[in-house]
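There are 2 protein chains.
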Amino acid sequence: MKIQISKSYLNESIQHVSKAISSRTTIPILTGIKFDVSYTGVTLTASDTDISIQSFIPAEDNDKTIVQIDRAGSVVLPAKFFVEIIKKLPSSEIEMEVRDGFQTFIRSGATDIQLVGLDPEEFPVLPSIEENQQISIPGDLLKNMIKQTAFSISTQETTPILTGVLWNLNESELKFVATDRHRLASRTVHMSEDTGVRFSNVVIAGKTLNELSKIIPDQNTLLDIVVADNQVLFKIDRVLFYSRILDGTYPDTSKIIPTNFKTEIVIDTKKLADSIDRAYLLSREEKTNIVRMQTLDNGAVEISSSSSELGKVTEQLEVSRFEGEPLRISFNSKYMLDVLKVIESEQLAIQFTGVMSPIIIKPQDDSRSLYIILPYRTTN
Amino acid sequence: MKIQISKSYLNESIQHVSKAISSRTTIPILTGIKFDVSYTGVTLTASDTDISIQSFIPAEDNDKTIVQIDRAGSVVLPAKFFVEIIKKLPSSEIEMEVRDGFQTFIRSGATDIQLVGLDPEEFPVLPSIEENQQISIPGDLLKNMIKQTAFSISTQETTPILTGVLWNLNESELKFVATDRHRLASRTVHMSEDTGVRFSNVVIAGKTLNELSKIIPDQNTLLDIVVADNQVLFKIDRVLFYSRILDGTYPDTSKIIPTNFKTEIVIDTKKLADSIDRAYLLSREEKTNIVRMQTLDNGAVEISSSSSELGKVTEQLEVSRFEGEPLRISFNSKYMLDVLKVIESEQLAIQFTGVMSPIIIKPQDDSRSLYIILPYRTTN
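Protein sequence lines, in the order shown, are assigned to chains W and R.
For the first sequence, counting from 1, position 149 maps to 149 in my numbering; every step adds exactly one.
For the second sequence, counting from 1, position 181 maps to 1181 in my numbering; every step adds exactly one.
Here you go:
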């Protein structure tokens, strides 16, 4: 293998695939990035067995030569050092040559680097995926759906299935659900056309979806998603992102979502977030994060928290609408803030059925999102 | 005590004094900020016994009312929570009232906070300092002198005196020296007038100087420095910053600074820094940070490093001047990068007397700075 390649293209590809590099891997070959050079371009691959990312650099892009290929071939190079050194090379052009025993020579400007390469035959083969179950979705919409659900996953490895986000697709709707048993986030999107594709119980690790989000460009471009038996493949421009589907059956969450309520308030999202943020600051010192919310006779809502050592915070908030019974409830303010942060609607509705029943939060101008927080049982 | 105070002024003062709050203190009263309200304004004080910072908020500033004082008095409030909540209060005006048992009521907009205050009598009294040894220095110059020396202090608590920066003042020059026994940084400034003030062996903790730097405004304003027996007081606008002088005698460093040399090269600072940064990346993987430098027959300099597992990096750099014997030397590249980062001169001179003698680095257009790095003894 012998090439001359544009530093900026190489750097961009390395940034993409390096998201699949795990610093904790025990398999030496997986600490590397695989280079495959053919006469059409260079393919970079990295994998931590859960995620595999492949990025293609074409020999030509818009009639401009990106890679000049003198000799095809393959090699695996140590990722950690390689990622950092490429960024810092002095010239915008980089020469790479692999010689006997995978010794790799890299030259840029007056810098010469000699790297111990590894045998590409040792690198695991990417899963082969049947492409008959494929849907398309705008990149920014997918990013948004991930942001609005993935924060509710469980971080406990004792129930691995809950560390993922559940995806279900029926004829008209794609739905994401995440829960850690104390809270739940769900987001639905209406599919513009029925492609005949259906799936259920597709659970993808939240960590993986967050890495995927970083690769999805901000422009509103369509990306393709292929769902197979135990793998999902995301096709983003010249990047292929493979993720394992988590084993196991996701619990049925439909039963914990209350269908009626005794109290509903509609309130300004930003004002509620600021108010709970202040109460949270104090509750954090108690290590409980407990904040109380109660309706007042004057129609306002009182947010409060207290700390035995420090004191207490109390504030009143006006509501846009109040319906139903008076209410006094305690909850984890961190969970509430996580929800308020991802709600884009100016107003939101909070629904309650009782002090020990799930609290429901719904953005006012968006019927596609639903959040649930379980309250705390407190003595006062 | 009862006041109404501008949130922005209060916030700025809190930011200043909170730099003296240590999270590791075992003295409960020192986790707080002391408020002293008189009819001229509010004084905030915080201390960790090594550093004490006092900030004054005047009742009026440029004919604008900053603090409306209804009742004078004092209280100590819990710093950690207070610092964060003040930033997040909804209104630009804050009411504070201290009642029985130092219970403190804070109100801003619709937010009510009740804090458990502590008795201000328990707060340590600030050191009284005789102001007969006082000098003035532009704030940005002092900041620069700290930046260019403090990085070379020792982080080992086994030799406490080396965790500080040595200050000496004779009739014409103020000199800073820092060393951790492996490297040394020194910076001198010519005093425009002889104030008659002299001192030597004034050693101030590097950590303290870095905190001081954050408070010094970027504008080129003069600040006053009062040096007493075991304390230094910095007067910065409305802030008083007290620092303890470290106990002990600073070692004599004059003997380790070579007075002659066998080889001198003059080289571009930025190019040398970039080159050593690349070699450092590889040397870091070996956990040694060792980089080699050698003169070549063609008059250039070669920078190189190697890692048994990864490979090697080699580069050639042109020099502006080369004088004396050929040279091959190894050093800690992290130490060299630390020096190159603070040198503002475009060109620098490096002087060598032998493979085991100190390496001297001097900015070309600045005779007031001098850096020394001890080389490594290596086998190749």
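All C-beta atoms in this analysis are idealised placements derived from N, C-alpha and C, irrespective of residue type, glycine included.
- Looking at the DSSP output, residue 1125(R) bridges to nothing.
- The three-state secondary structure of residue 132(W), taken from DSSP, is coil.
- Residue 96(W) has 3(W) and 106(W) as its beta-bridge partners, per DSSP.
- Counting the other Cβ atoms within 10 Å of the Cβ of residue 32(W) gives 16 or more, which makes it buried.
- Distance from the Cα of residue 1238(R) is smallest, within the candidate group 1005(R), 1014(R) and 1003(R), for 1014(R).
- DSSP lists 1293(R) and 1315(R) as the bridge partner or partners of residue 1303(R).
- Of 1087(R), 1029(R), 1100(R) and 1337(R), the smallest CA-CA separation from residue 1114(R) is found for 1100(R).
- Rounded to the nearest whole angstrom, the CA to CA distance from residue 146(W) to residue 340(W) is 15 Å.
- Across the set 292(W), 138(W), 374(W) and 163(W), the C-alpha of 138(W) shows the shortest separation from the C-alpha of residue 174(W).
- Burial of residue 1289(R) is indicated by the presence of at least 16 other C-beta atoms within 10 angstroms of its C-beta.
- Per the Cβ contact rule, the region 1157-1169 of chain R is not in contact with the region 1254-1273 of chain R (fewer than 3 Cβ pairs under 8 Å).
- Within a 10 Å sphere around the beta-carbon of residue 124(W) sit fewer than 16 other beta-carbons, which makes this residue exposed.
- Taking CB atoms only, residue 110(W) has a neighbour in chain R less than 8 Å away.
- Taking a Cβ-Cβ cut-off of 7 Å, the neighbours of residue 315(W) in chain R comprise 1110, 1111 and 1112, given in sequence order.
- In the assembly as shown, residue 219(W) is an exposed residue. Its beta-carbon has fewer than 16 other beta-carbons within 10 Å.
- Shown here, residue 228(W) sits in coil according to DSSP, grouped into three states, outside any helix or strand.
- In the three-state DSSP reduction, residue 1364(R) falls in the coil class, being neither helix nor strand.
- In the DSSP assignment, residue 1051(R) falls outside any alpha helix (DSSP H) and lies within the beta strand (DSSP E) extending over 1051-1058.
- Minimum Cα-Cα distance from residue 327(W) among the listed residues 49(W), 311(W) and 303(W) corresponds to 303(W).
- Chain R has a Cβ within less than 8 Å of the Cβ of residue 78(W).
- DSSP, reduced to helix, strand and coil, places residue 1083(R) within a helical segment of the structure shown.
- Proximity of chain R to residue 85(W) at the Cβ level (cut-off 7 Å) is accounted for by 1278 and 1281, in chain order.
- One finds nothing in chain R with a Cβ atom closer than 8 Å to the Cβ of residue 123(W); even the nearest lies about 18 Å away.
- Distances from the CA of residue 186(W) to each of 228(W), 37(W) and 362(W) were compared; the closest alpha carbon is that of 362(W).
- Look at the region 324-358 of chain W: it has no residue with a C-beta under 7 Å from a C-beta of chain R.
- Judged by DSSP in its simplified three-state form, residue 323(W) adopts strand.
- Taking a contact to require three or more Cβ pairs closer than 8 Å, the region 1019-1033 of chain R and the region 1086-1094 of chain R do not qualify as touching.
- Here the alpha carbon of residue 1053(R) sits roughly 17 Å from the alpha carbon of residue 1131(R).
- For residue 273(W), the enclosing alpha helix (DSSP H) has its first and last residue at 269-285.
- In summary, no residue of the region 24-51 of chain W has a CB separated from any CB of chain R by less than 8 Å.
- The CB of residue 1274(R) comes closer than 8 Å to the CB of 88 and 90 in chain W, given here in chain order.
- Closer than 8 Å to the CB of residue 310(W) there is at least one CB belonging to chain R.
- Taking 8 Å as the CB threshold, residue 285(W) lines the interface with chain R.
- Note: residue 68(W) is bridge-paired with 4(W) in the DSSP secondary-structure output.
- Contact of residue 116(W) with chain R by beta-carbon distance below 7 Å involves 1309, 1310 and 1311.
- Rounded to the nearest whole angstrom, the C-alpha separation of residue 1040(R) and residue 1189(R) is 38 Å.
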